[in-house]
Amino acid sequence: MVLDKEESVSLVSLQSREKPRGCAGCNGKIRDRFMLQALDRYWHEDCLKCACCDCHLGRMGSTLYTRANLILCRRDYLRLFGVTGNCAACSKMIPAFEMVMRARDNVYHLDCFACQLCRQRFCVGDKFFLKNNMILCQLDYEGGNILMTINYRPRQLL
Ligand SMILES: [Zn+2]
Ligand SMILES: [Zn+2]
Ligand SMILES: [Zn+2]
Ligand SMILES: [Zn+2]
Numbered sequence: 002m003v004l005d006k007e008e009s010v011s012l013v014s015l016q017s018r019e020k021p022r023g024c025a026g027c028n029g030k031i032r033d034r035f036m037l038q039a040l041d042r043y044w045h046e047d048c049l050k051c052a053c054c055d056c057h058l059g060r061m062g063s064t065l066y067t068r069a070n071l072i073l074c075r076r077d078y079l080r081l082f083g084v085t086g087n088c089a090a091c092s093k094m095i096p097a098f099e100m101v102m103r104a105r106d107n108v109y110h111l112d113c114f115a116c117q118l119c120r121q122r123f124c125v126g127d128k129f130f131l132k133n134n135m136i137l138c139q140l141d142y143e144g145g146n147i148l149m150t151i152n153y154r155p156r157q158l159l
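Dropping the structure here:
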């Protein structure tokens, strides 16, 4: 079974005449008045927890996410399996758990965040410039060579 989806959690009440159901978390019988229903199974309110942060998914009142047999809250699911966006330099996807560099609306892999002319990397405190969506170091920005090239032969760069 491939599990990779968003599921809603609902609180259901046990009808007094019904037989107690088994909890999918601890395998014990559910004798509480309320139980949770999710993933087509029943759970104690305390047994439906996020595999990462242990938060109670029933009390979050909402949705759970499953992937590779893990049950996760939305926050952890996005942290582990979500996507931050596409790197503005190499245009590959950046998974949400990776550290990224941000410049204006752009995100970059750490490795991709370098001057796109001389490949110089930046340290904390270094100045960088964004020109035509390219990251430039101060030298290349002020030298202005790339701007002349772009203005000179615009078609070839498209
Ligand atoms: Zn249980
Ligand atoms: Zn969590
Ligand atoms: Zn990249
Ligand atoms: Zn440079």
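Residue 124 in this note's numbering sits at position 123 of the sequence shown; the count goes up by one each step and never skips. Cβ atoms here follow ideal geometry from the backbone N, Cα and C, with glycine treated the same way.
Assign residue i to one of two classes, buried (16 or more other C-beta atoms within 10 Å of its C-beta) or exposed (fewer than that).
i, result
"lysine 50", "buried"
"leucine 12", "exposed"
"serine 14", "exposed"
"cysteine 119", "exposed"
"phenylalanine 114", "buried"
"aspartate 141", "buried"
"methionine 102", "buried"
"valine 84", "exposed"
"cysteine 124", "exposed"
"cysteine 54", "exposed"
I'd like the list of long-range same chain contacts for residue i, defined as Cβ closer than 8 Å, with 5 residues on each side in sequence excluded.
i, result
"leucine 131", "Ala104, Arg105, Asn107 and Leu137"
"tryptophan 44", "Cys24, Ala25, Gly26, Ile31, Met36, Leu37, Gln38 and Gly59"
"aspartate 33", "Leu15, His45 and Glu46"
Reducing DSSP to helix, strand and coil, say where residue i ends up.
i, result
"leucine 140", "helix"
"leucine 49", "coil"
"leucine 79", "helix"
"cysteine 88", "strand"
"alanine 115", "strand"
"arginine 103", "strand"
"valine 108", "strand"
"arginine 154", "Any reading at arginine 154 needs caution, since the residue's pLDDT is 43, under 50, leaving its predicted position unreliable; the model's value is listed next. Note: arginine 154 maps to coil in three-state DSSP."
"arginine 22", "strand"
"alanine 97", "coil"
"arginine 122", "strand"
"leucine 71", "strand"
"leucine 37", "strand"
"aspartate 12", "Checking the sequence, you will find leucine at residue 12 rather than aspartate. Of the three classes helix, strand and coil, the one that applies to leucine 12 here is strand, per DSSP."
Check whether the Cβ atoms of residue i and residue j sit closer than 8 Å, and answer yes or no.
i, j, result
"alanine 90", "glutamine 121", "no"
"histidine 110", "cysteine 88", "yes"
"alanine 97", "isoleucine 72", "no"
"leucine 65", "glutamate 8", "yes"
"threonine 67", "lysine 128", "no"
Who are the near neighbours of residue i in its chain, counting only those whose CB is closer than 6 Å to its CB and skipping five residues on each side?
i, result
"glutamate 99", "none"
"arginine 22", "Ile31 and Tyr43"
"cysteine 48", "Cys24, Gly26 and Cys27"
"methionine 135", "Gln117"
Leaving out five residues before and five after residue i in sequence, what residues of the same chain have Cβ atoms less than 7 Å from its Cβ?
i, result
"glycine 86", "Ile95 and Val108"
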